[in-house]
Amino acid sequence: MKEETIKVRVTESGDLIDVVVLKKRADLIQVVLGQGVHNVTCDLTPTRTGQAYAGSVMGREIVYERSREQVQADIDRLNPQLKRPRR
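My numbering puts the first residue of the sequence shown at 665, with every later residue one more than the last.
Here it is in structure tokens:
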């Protein structure tokens with residue numbers, strides 16, 4: 665199984681970094697920064713306007729610049745079986 669990675673922006677420096685996605689839902693994205701024993705997890709939650717996801721890790725704010733609707737569309741596209749009703 666291939667790991668999903670996304671690019672997030674560190675607001676302090678403006679740099680884009682790649683992070684690995686652990687869980688991805690429309691109301692929460694859980695990501696891992698770093699590798700090995702030096703990794704840190706972070707929960708990204710939608711902002712008030714719903715236009716981005718933000719979270720804090722080790723005192724730094726990171727932002728995933730996609731809207732809630734775009735993330736839900738990505739989830740539906742990657743796994744269409746989740747949309748089907750149960751029988």
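Glycine residues also receive a C-beta, built at the ideal position from the N, C-alpha and C atoms.
Fully enclosed alpha helix (DSSP H) runs of no fewer than 4 residues occupy 732 to 742 of the stretch 671 to 749, in order along the chain. Annotated as distal: V695 and L680, with beta-carbon spacing of 8 Å or more.
Of the candidates V684, R730, R724 and M722, R730 places its Cα closest to the Cα of D691.
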